[in-house]
Structure formats: C-alpha cells, structure tokens
Amino acid sequence: MIFLRTNKKSWLFLIFSFICLILFAAFPKIAVSSAEKGLLLCGNVIIPSLFPINFCAVLIMKIFSEFDFRSFFLKKAVIFILSMLGGYPTGAKLLEEEYKSGNISKKLCNTMLLYSVNGGVGFIISAVGYGIFGSVKIGCFFFLSQFLSSLFLALILNRFSKNEKPVIRKTRTQNPADVFVLSVSETANTVLSVCSYVLIFSVINGFLLKSKILRYLCFFTEITSALSLTKNIYLTAFLLSFGGISILCQILSNAKDLEINIKNLIISRIVCGLLSSGFMFVFLKVFCPSAEVFSNNIYFVSKAIVSKPSVTLSLLMMIILLIISLEGKKIGGNLKFDLLK
2 MIFLRTNKKS WLFLIFSFIC LILFAAFPKI AVSSAEKGLL LCGNVIIPSL FPINFCAVLI
62 MKIFSEFDFR SFFLKKAVIF ILSMLGGYPT GAKLLEEEYK SGNISKKLCN TMLLYSVNGG
122 VGFIISAVGY GIFGSVKIGC FFFLSQFLSS LFLALILNRF SKNEKPVIRK TRTQNPADVF
182 VLSVSETANT VLSVCSYVLI FSVINGFLLK SKILRYLCFF TEITSALSLT KNIYLTAFLL
242 SFGGISILCQ ILSNAKDLEI NIKNLIISRI VCGLLSSGFM FVFLKVFCPS AEVFSNNIYF
302 VSKAIVSKPS VTLSLLMMII LLIISLEGKK IGGNLKFDLL K
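Have a look at this one:
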C-alpha cells in the first residue's frame, strides 16, 4: 500500500532508471565510449572555457559584495554581464550567492534568472563558431545574437516588474586571501557539477544517437550533442540560447534555494532562442559572410578533443574535488536533497 501512494513522477523516474540500468549493462561498449567522449569534452572544452571566467565572475561578485548598493541597477548589470561571459550556470550561481547573502530578494533573482542564462563567450566563439563552422566571425554573430536576445528580454521583464529597494546591511570586510581561496573552491564545485551532467547526458545521448528517430531527442538533452546533429546556422543559434535539459539541471543545481519556476524558465529559453535566430538572420543578411563559414567542421566534438595531456590532469583534479566534496556532505537519505545540497 505504501507504493500505491507514490506519485506518478517517482514511478516514471524509477522506470527510466531501470531502463538506463538495463541498457548500460546490455550494451557496455556504447556506454563506455559515450562516457569517454563526455570526459574528453569536459577536459578539453568545458573546464578550459568555464573555469577561468567563472572564477573571475565569482571573485568580482564577492568583491562587489563588500559595498552597500543604494540601487540595484549596477549590481544587476554586473550579474548580467558576467553571466554572458561566464557560461550557462554562472548567472544562476551568482544570483544564488546574492540571495543567500541577503543582497537581492528571491523574487528579483527569479526574474533575473530568466535572462541571465547564456552560453559563455569562449564556448560560443571558439568551440561553436570556429570549431564547428570554421569562422570566428560566425562565432561573434552567435554571441551577439544571444546577447541581444537576453538584453531584449531583460528590458521587457524589468519594464513590467516592480522596482525593489536594496537591502541595506552592514558588510564585513573579508581577507583578500580568504576571498580568493573561497572563489576557487566555489568555482571548482560549480565546474564539477557541470561536468557531471555533461557526462551522464553524453552516455544517454550515445544510446539515443543509435536510433534514427530518437536521435533528435538530443536537441532537448545536451547542447554539445545537439550541435553535432545540425548544419543549420539558425537552429544552432536557437539551441545555444535554449540550452536543453542538461543546462536546466545545471541551473537547478546551482540555484536550488531560489525555488525556480521551471515552466517560466523553459518559456524564457524558447523566447530567447527564437530571438537569437532572428538576430542571426539579420546579421547574415547585413554582413553577408562567405559561404565557407557554413561548413560543418565538427572536430571539436571528436578529434579535436582527443589525446591531450590536459584531459588526464583535468580529470584527476575533478576526481579529487569529488572526493573532497563527498567527504564534507551529510547524507540524509533524500536523493534529491543529497544531490542538490
């Protein structure tokens, strides 16, 4: 009778878990090879592009927290810009920290989160623009289209949202060395979380790609797998803003205290994706790039991330961070709470 009172979502997740277990056990070759691709992707794309800028973003926000703001405008602008530069989970991480510090209300954080989820400048320009389409110029167009779509959404949402007075609090000056060390630690945990989701969705996508029909579900799961399935530049612009389930999980993990409205977040991602495609269309019509930039040179997903010493070093660092993180956790028996706390 206890099982009968379990909600439908729990049953669905249980069935999904058993399906994954059966597939991973029955087809270990696919699971292992997909996991290897995910690890290589983390070591050569995710960590190098996300860690440095994300660290700078966290460090800057901690320094800014030493000041009392009479207006939210500067703080909101800084968070928005850093979210554009740092990558998908950066905005969520910064908003979570500001909320926990008592600088911004939960309502305002949820509003800002709708337009502060973007691909990082390094990932979009280098990995996507140059790595996939063979053009830094196209990468810049991708980044600008995403920036303008997020800015447009920010202006609309702020126009209709109520202005809030800043929280006036006494700041405690921290030792610069402590701020530096804490920023490194928080960035490492964020990057570890991102790599974990990229890894598991890489394995799931490895099975989806074996099916001619199910392979298109990768458009909604993990961004890098989705980008490898299309040569359409407008669809790519949409996918970069939309993100997918993996990005959604990363946001929920890094902003667990904000009680995010998932429906609003998904709608905002779709709107940003459509706007990005529109801006990309305008850029291509106005600047008329050569036909060569549309080549589907997908080496960053495969050959460009193989056989590099940095992979071994990056993975060893992530394993050490994982052990340290698990040692400091108190396991309470609640799976969702244990994973997100």
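If you want the working numbering, it's the 1-based position in the sequence shown plus 1. Cβ atoms here follow ideal geometry from the backbone N, Cα and C, with glycine treated the same way.
{"Asked": "Burial state of Leu13, where buried means 16 or more other Cβ atoms lie within 10 Å", "Found": "exposed"}
{"Asked": "Anticipated Cβ contact below 8 Å, Phe202 with Ser254, distance rounded", "Found": "Between Ser254 and Phe202 the Cβ distance is about 13 Å, and since that is not below 8 Å, they are no contact."}
{"Asked": "Host alpha helix (DSSP H) of Leu249 (start-end)", "Found": "246-255"}
{"Asked": "Beta-carbon proximity check, Leu149 vs Phe280, cutoff 7 Å", "Found": "yes"}
{"Asked": "CA-to-CA distance, Ala78 to Ile31, given in whole angstroms", "Found": "44 Å"}
{"Asked": "Best match in Ser127, Ser197, Leu275, Phe144 for proximity to Ser50 [C-alpha to C-alpha]", "Found": "Ser127"}
{"Asked": "Pair within 7 Å by beta-carbon distance, Gly92 and Val129", "Found": "no"}
{"Asked": "heavy atom of the ligand ADP below 6 Å from Leu249 C-beta", "Found": "This structure lacks the ligand ADP; in fact it carries no ligand of any kind."}
{"Asked": "Inter-residue CB distance, Ala227 and Gly207 (contact presumed, cutoff 8 Å)", "Found": "Actually they are not in contact, since the Cβ atoms of Ala227 and Gly207 sit about 14 Å apart, beyond 8 Å."}
{"Asked": "Alpha-carbon to alpha-carbon, Leu285 and Pro53", "Found": "31 Å"}
{"Asked": "Nearest to Val182 (by Cα), restricted to the options Gly132, Gly39, Arg270, Ile64", "Found": "Ile64"}
{"Asked": "Three-way DSSP call (helix, strand, coil) for Val118 in this model", "Found": "coil"}
{"Asked": "Beta-carbon separation (whole angstroms), Leu114 vs Ile261, contact threshold 8 Å", "Found": "7 Å"}
{"Asked": "Where Lys309 sits in the DSSP three-state scheme", "Found": "Residue placement at Lys309 cannot be trusted, given a pLDDT of 48 that sits under 50; what the coordinates show is reported in the next sentence. Correct three-state label for Lys309: coil."}
{"Asked": "Nearest-angstrom Cβ-Cβ length linking Tyr100 and Leu259, presumed shorter than 8 Å", "Found": "6 Å"}
{"Asked": "Segments of 4+ residues assigned as alpha helix (DSSP H) that fall wholly inside the region 78-159", "Found": "89-101, 107-114"}
{"Asked": "First and last residue of the uninterrupted alpha helix (DSSP H) at Ile224", "Found": "224-228"}
{"Asked": "Beta-carbon proximity list for Ala58, same chain, < 6 Å, skipping 5 on both sides", "Found": "Leu83, Gly87, Thr91"}
{"Asked": "Three-state secondary structure (DSSP) of Leu200", "Found": "helix"}
{"Asked": "Cutoff 7 Å; reference Ile306; Cβ partners in own chain excluding five residues on either side", "Found": "Any reading at Ile306 needs caution, since the residue's pLDDT is 38, under 50, leaving its predicted position unreliable; the model's value is listed next. Within the same chain, Ile306 has close Cβ partners Leu41, Leu42, Asn45, Val46."}
{"Asked": "DSSP state of Phe28 mapped onto helix, strand, coil", "Found": "coil"}
{"Asked": "Buried/exposed call for Phe144, threshold 16 Cβ in 10 Å", "Found": "buried"}
{"Asked": "Rounded straight-line distance, which links the Cα of Leu24 to that of Ile224", "Found": "22 Å"}
{"Asked": "Exposure of Asn233, with buried meaning 16 or more beta-carbon neighbours within 10 Å", "Found": "exposed"}
{"Asked": "Best match in Tyr235, Ser146, Ile16, Lys257 for proximity to Gly121 [C-alpha to C-alpha]", "Found": "Ser146"}
{"Asked": "Rounded separation between Leu230 and Leu210 - CA only", "Found": "9 Å"}
{"Asked": "Enclosing alpha helix (DSSP H) for Tyr217 [first to last residue]", "Found": "Unbroken run through Tyr217: none, as it is neither H nor E."}
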